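*Asks:*
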Amino acid sequence: MTTSAPTDTLADRFATARQVADAVLFEGYVLYPYRASAAKNRLRWQFGVLVPPRWGADRAEHSHQRTECLMEPRSGARLGAELRFLRAQRRTVQRLRPDGGFETVAELELPDRVLVPWDEGVEERCAVDVPVAELTGDGVTVPFTRPAGEETEPVHDADGRQVGRLVRRREEVRGVLRLSAREIAGPYAVWHLTATVENAGGWEPEPAAEDRDAALPRSLVAAHLLLGLTAGRFLSQTDPPEWARGAVAGCRNEHTWPVLAGPPGSADVVLSAPIILEDHPAIAPESPGALYDALEIDEILTLRTAALTEQEKREARGTDARAAEVIDLADGMPPEVLERLHGAVRALREVTGPEPVPEPARPDTPWWDPAADDAVDPLTDRITVDGRSVGAGSRVALRPGRRRTDAQDLFLHGRTARVEAVVHDVDGGVHLAVTVEGDPGADIRREQGRFLYFQPDEVAPLEDE
0 MTTSAPTDTL
10 ADRFATARQV
20 ADAVLFEGYV
30 LYPYRASAAK
40 NRLRWQFGVL
50 VPPRWGADRA
60 EHSHQRTECL
70 MEPRSGARLG
80 AELRFLRAQR
90 RTVQRLRPDG
100 GFETVAELEL
110 PDRVLVPWDE
120 GVEERCAVDV
130 PVAELTGDGV
140 TVPFTRPAGE
150 ETEPVHDADG
160 RQVGRLVRRR
170 EEVRGVLRLS
180 AREIAGPYAV
190 WHLTATVENA
200 GGWEPEPAAE
210 DRDAALPRSL
220 VAAHLLLGLT
230 AGRFLSQTDP
240 PEWARGAVAG
250 CRNEHTWPVL
260 AGPPGSADVV
270 LSAPIILEDH
280 PAIAPESPGA
290 LYDALEIDEI
300 LTLRTAALTE
310 QEKREARGTD
320 ARAAEVIDLA
330 DGMPPEVLER
340 LHGAVRALRE
350 VTGPEPVPEP
360 ARPDTPWWDP
370 AADDAVDPLT
380 DRITVDGRSV
390 GAGSRVALRP
400 GRRRTDAQDL
410 FLHGRTARVE
420 AVVHDVDGGV
430 HLAVTVEGDP
440 GADIRREQGR
450 FLYFQPDEVA
460 PLEDE
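Going by numbering that gives the first Met the number 0, the sequence shown opens with residue 0, and the numbers climb by one from there.
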C-alpha cells in the first residue's frame with residue numbers, strides 16, 4: 000500500500016472526474032450576494048461536514064461517512080482512493096497602530112475592497128493506492144493529521160504603505176480513511192467495497208457548548224471520495240444489472256452517495272459525495288466558471304451579481320478571494336458568453352424517412368378532445384398486457400413503478416382495480432384509467448371522470464376477457 004498519489008492512469012481518470020468533484024467541494028461555499036455580512040453566509044459549510052466525535056454525538060451533523068458499492072476488479076487490479084475536504088481557516092483582520100503594533104478590527108477599508116473576518120476554505124486531500132487483494136479481511140487503515148498553524152499576510156494601501164495585516168489560524172485536524180472489500184459468492188467475480196471516512200479529532204467542547212463555529216476549524220468540510228480501479232469496473236448503485244440488484248440493495252451508504260463518474264460509458268471511477276447526484280454527472284459546457292452558490296442558475300445569478308452596487312462589490316471582494324473572482328467574472332463577461340447561458344438543447348436527434356401525411360384539419364375539435372381522433376376510443380380500445388387483453392371492465396392488480404410513479408401511488412401496491420378506459424396521450428404513450436376496488440368514492444370518481452392512471456407495465460391482469 001502507498002499513501003502517495005494514485006498511479007498515472009488513475010490520476011488521469013480522476014482529473015476528468017475532478018471537475019464535478021470540485022463543484023461538490025465548493026457547493027455553497029459562499030452564497031450570493033457573496034458578502035460575509037449577508038445573513039445566508041453567516042451559517043457556513045452546509046454539505047458533508049464531518050465534525051469532531053465529541054461535538055457531533057447529539058447533533059444533526061456526523062463524524063463519519065460510509066460508502067458501500069460493488070466492483071468487478073480484474074486480476075492484479077489496484078484501487079486508488081482520494082479523500083478530499085476543505086479545512087476551515089479562520090481569518091482575522093488587524094489594523095496597524097501608530098506605535099507599530101496591531102489591533103483586531105471588524106473591518107479594514109481599502110480602495111478596492113473591505114476586508115472583514117471570515118473562514119476561508121483550504122483544500123486538503125489524502126490519497127491511497129493499494130492492490131485490491133490487500134483489501135480483504137480488515138483491509139487497510141490510513142490515519143492522517145493536518146497540524147495547527149498560523150500565518151500572517153501584510154495589507155497595503157494604494158500607495159504601497161502597510162496599513163494592517165490578515166492573520167490566518169488553523170486548528171489541528173485528524174482523520175482516518177478505512178478501505179475493505181470482500182468477494183461475493185456467486186457466478187460473477189463481484190466484490191463488495193466499503194470505504195469509511197472518520198473525523199478522529201479528540202477536541203472536546205465546553206460543557207453544554209452549542210457553538211458550531213468552534214467545531215468547524217476541527218472538522219472535515221465537504222468531505223467526499225474518488226475511487227478508481229486500474230483494471231475492472233464499478234457497478235451503478237442507481238441502475239445496476241438485474242443480476243446485481245439484490246447485492247446493491249444490501250449496500251449501506253451513510254451521509255454520502257456513490258455514483259459512476261467520468262464520461263458516459265465509463266465505469267472505472269466512482270465519486271462518493273454528500274450531495275445526491277446521477278451517474279456520470281457533468282458541468283454544463285456553457286458554464287463560464289464556478290459561482291459557488293448552491294443550486295446555482297448561471298444566467299440569473301450572473302446578471303444579479305453584475306447588478307450589485309460598487310460598495311457591495313467591494314465588500315464581496317474583501318470577503319473571499321473566490322468571491323472576488325465571481326465579481327470579476329460577472330463584470331467582465333462578454334455578451335456572447337452571457338447569451339450561451341440562456342439555455343441549450345441537448346436532446347436533438349435526426350429524424351429520417353418520408354414526411355408524415357398531415358391529418359385533415361378539424362378546427363371545431365380541440366386537440367385534447369378524444370373526438371379529435373376517430374381512431375381511438377377510450378371506452379372500447381384494448382391493449383395486451385402479459386398476453387391478455389385489457390380494456391374497460393378488466394380487473395387488474397396494481398404494481399406501481401418505483402422510478403417514475405407518484406409517491407402516493409406506492410400505497411396502492413398490491414390493490415386490485417377496475418379499468419375504466421384505455422387512454423392514449425399526445426406523445427404516443429398508453430395509460431390505463433382505473434378505479435380502486437373497495438374505494439367508497441369510486442362511483443363519484445366515475446361520474447366525474449377523475450381516475451388514477453397507470454402504465455401497462457404497472458398492472459397485472461387478474462382475469463381473461
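Note that CB positions come from ideal geometry on N, CA and C, so glycine has one too. If you're wondering where the values come from, they're calculated on a predicted model, not measured in any experiment.
Using 8 Å as the threshold, is the C-beta distance between Arg177 and Thr140 below it?
*Replies:* The residue you call residue 177 lines up with position 178 of the sequence shown. The residue you call residue 140 lines up with position 141 of the sequence shown. Cβ distance < 8 Å, so Arg177 and Thr140 count as in contact.
*Asks:* DSSP three-state label for Glu26, please.
*Replies:* Taking the first residue of the sequence shown as 1, we reach residue 26 at position 27. Glu26 falls in the coil class under three-state DSSP.
*Asks:* According to DSSP, simplified to helix, strand and coil, what is Pro460?
*Replies:* The residue labelled residue 460 in the question sits at position 461 within the sequence shown. Reduced to three states, the DSSP call for Pro460 is strand.
*Asks:* Name, in chain order, the residues that DSSP records as bridge partners for Trp117.
*Replies:* Indexing the sequence shown from 1 puts residue 117 at position 118. Arg90.
*Asks:* With a 10 Å radius around its C-beta and 16 neighbouring C-beta atoms as the bar for buried, classify Ser74 as buried or exposed.
*Replies:* Here residue 74 refers to the residue found at position 75 when the sequence shown is read from its first residue. The residue in question, Ser74, is exposed, as its Cβ has fewer than 16 Cβ neighbours within 10 Å.
*Asks:* Looking only at its own chain, which residues have a Cβ that is under 8 Å from the Cβ of Glu464, when we skip the five neighbours before and after it?
*Replies:* As a working mapping, residue 464 is identified with position 465 in the sequence shown. Since pLDDT at Glu464 reaches only 49, below the 50 mark, its modelled position is unreliable, and no value is offered.
*Asks:* Could you name the residues that DSSP lists as bridge partners for Ser179?
*Replies:* Along the sequence shown, one-based indexing puts residue 179 at 180. In the DSSP assignment, the residues bridged to Ser179 are Thr193.
*Asks:* Would you mind giving the Cβ-Cβ distance between His168 and Glu122, rounded to the nearest angstrom? I have them listed as a contact below 8 Å.
*Replies:* As a position in the sequence shown, residue 168 is number 169, starting the count at 1. As a position in the sequence shown, residue 122 is number 123, starting the count at 1. Position check: residue 168 holds Arg in this sequence, whereas His was assumed. At roughly 17 Å, the Cβ-Cβ gap does not stay under 8 Å, so Arg168 and Glu122 are not in contact.
*Asks:* Taking all protein chains shown into account, decide if Ile274 is buried (16 or more other Cβ within 10 angstroms of its Cβ) or exposed.
*Replies:* In the sequence shown, residue 274 corresponds to position 275, counting from 1. Ile274 should be labelled buried.
*Asks:* Just to confirm before moving on: does the CB-CB distance between Pro377 and Phe453 stay below 8 Å?
*Replies:* As a working note, residue 377 is residue 378 in the sequence shown. As a working note, residue 453 is residue 454 in the sequence shown. Cβ atoms of Pro377 and Phe453: not closer than 8 Å.
*Asks:* Just the Cα atoms here: how many angstroms apart are Gly79 and Val19?
*Replies:* In the sequence shown, counting from the first residue as 1, residue 79 sits at position 80. In the sequence shown, counting from the first residue as 1, residue 19 sits at position 20. Distance between the alpha carbons of Gly79 and Val19 is about 18 Å.
*Asks:* As a quick exercise: from Asn252, Ser62, Gln45, Phe46, pick the residue whose alpha carbon is nearest that of Arg53.
*Replies:* Numbered from its first residue, the sequence shown carries residue 53 at position 54. Of the listed residues, the one whose Cα sits closest to Arg53 is Ser62.
*Asks:* Could you check whether Leu215 and Glu285 sit closer than 8 Å to each other, using their CB atoms as the reference points?
*Replies:* As a first step, residue 285 is located in the sequence shown; it is residue number 286 there, counting from the start. As a first step, residue 215 is located in the sequence shown; it is residue number 216 there, counting from the start. No, the Cβ-Cβ distance between Glu285 and Leu215 is not below 8 Å.
*Asks:* By Cβ distance below 8 Å, which residues in the same chain neighbour Trp242 in space, the five residues on each side in sequence not counted?
*Replies:* Taking the sequence shown and counting its residues from 1, the one referred to as residue 242 is at position 243. For Trp242, where only same-chain residues beyond five positions count, the Cβ hits under 8 Å are Tyr187.
*Asks:* Between Ser218, Arg211, Ala180, which has its C-alpha nearest Asn198's C-alpha?
*Replies:* On the sequence shown, residue 198 is found 199 positions in, with the first residue counted as 1. Of the candidates Ser218, Arg211, Ala180, the one whose C-alpha sits nearest the C-alpha of Asn198 is Ser218.
*Asks:* Give the single residue among Gly227, Arg43, Asp137 whose Cα lies nearest to the Cα of Asp210.
*Replies:* By one-based count along the sequence shown, residue 210 stands at place 211. Scanning Gly227, Arg43, Asp137 for the CA closest to the CA of Asp210 turns up Arg43.
*Asks:* Helix, strand or coil, according to DSSP, for Leu165 in the structure here?
*Replies:* Here residue 165 refers to the residue found at position 166 when the sequence shown is read from its first residue. Judged by DSSP in its simplified three-state form, Leu165 adopts strand.
*Asks:* When we look at the beta-carbon of Glu457 and count the other beta-carbons within 10 Å, is it buried (16 or more) or exposed?
*Replies:* For this step, residue 457 is matched to residue 458 along the sequence shown. Classification of Glu457: buried, given that the 10 Å Cβ count is 16 or more.
*Asks:* Starting from the Cα of Val23, find the closest Cα among Val435, Lys312, Thr255, His412 and give me that residue.
*Replies:* For the purposes of this step, residue 23 is taken as residue 24 along the sequence shown, with counting starting at 1. Out of Val435, Lys312, Thr255, His412, Thr255 has the C-alpha closest to the C-alpha of Val23.
*Asks:* Report the rounded CA-to-CA distance for Gly163 versus Asp319, giving the unit in angstroms.
*Replies:* Working through the sequence shown from its first residue, we reach residue 163 at position 164. Working through the sequence shown from its first residue, we reach residue 319 at position 320. Each residue's Cα considered, the two are about 17 Å apart.
*Asks:* Buried or exposed for Ile443, please, with buried defined as at least 16 other CB atoms from any protein chain shown within 10 angstroms of its CB.
*Replies:* As a first step, residue 443 must be located in the sequence shown, where it is residue number 444. The residue in question, Ile443, is exposed, as its Cβ has fewer than 16 Cβ neighbours within 10 Å.
*Asks:* By DSSP, does Val50 sit in helix, in strand, or in coil?
*Replies:* Within the sequence shown, numbered from 1, the residue matching residue 50 stands at position 51. Correct three-state label for Val50: coil.
*Asks:* Within 8 Å, do at least three Cβ pairs link the region 293-309 to the region 28-35?
*Replies:* yes
*Asks:* At which residues does the alpha helix (DSSP H) containing Pro334 begin and terminate?
*Replies:* On the sequence shown, position 335 is the one that residue 334 refers to. Note, Pro334: alpha helix (DSSP H), 334-339.
*Asks:* Give me whichever residues DSSP pairs with Thr483 in a beta bridge.
*Replies:* Outside the shown range of the chain (0 to 464) lies residue 483, about which nothing can therefore be said.
*Asks:* Helix, strand or coil for Pro257 per DSSP?
*Replies:* Here residue 257 corresponds to residue number 258 of the sequence shown, with the count starting at 1. DSSP places Pro257 in strand when its eight states are reduced to three.
*Asks:* Which residues mark the beginning and the end of the alpha helix (DSSP H) in which Gly317 is found?
*Replies:* As a working note, residue 317 is residue 318 in the sequence shown. Looking at the DSSP string, the run of the alpha helix (DSSP H) that includes Gly317 is 309-318.
*Asks:* So if DSSP puts His223 in a beta bridge, which residue, or which two residues, is it bridged to?
*Replies:* In the sequence shown, residue 223 corresponds to position 224, counting from 1. According to DSSP, His223 bridges with Arg83.
*Asks:* Would DSSP call Ala184 helix, strand or coil?
*Replies:* Counted from its first residue, the sequence shown places residue 184 at position 185. Ala184 sits in coil when the DSSP states are folded into three classes, being neither helix nor strand.
*Asks:* Taking DSSP's pairing of strands, which residues face Cys125 in a bridge?
*Replies:* On the sequence shown, position 126 is the one that residue 125 refers to. For Cys125, which the question treats as bridged, DSSP gives the partners Leu82.
*Asks:* Taking 7 Å as the limit between beta carbons, can you name the residues of its chain near Asp239, skipping five residues before and five after?
*Replies:* Walking along the sequence shown from the start, residue 239 turns up at place 240. Sequence check: residue 239 is Pro here, not Asp. Excluding positions up to five away in sequence, the list reads Val247.
*Asks:* What distance in whole Å lies between the Cβ atoms of Thr15 and Gly261, which are believed to be in contact at a cut-off of 8 Å?
*Replies:* Locating residue 261 in the sequence shown gives position 262, where the first residue counts as 1. Locating residue 15 in the sequence shown gives position 16, where the first residue counts as 1. About 5 Å separates the Cβ atoms of Gly261 and Thr15, confirming a contact at the 8 Å cut-off.
*Asks:* Going by Cα to Cα distance, which pick from Thr434, Asp426, His430 is closest to Leu411?
*Replies:* Within the sequence shown, residue 411 is the residue found at index 412, counting from 1. Nearest of Thr434, Asp426, His430 to Leu411, Cα basis: Thr434.
*Asks:* Would you say Val104 and Gln88 are within 8 Å of each other, going by their C-beta atoms?
*Replies:* In the sequence shown, counting from the first residue as 1, residue 104 sits at position 105. In the sequence shown, counting from the first residue as 1, residue 88 sits at position 89. No, these two residues do not count as a Cβ contact at 8 Å.
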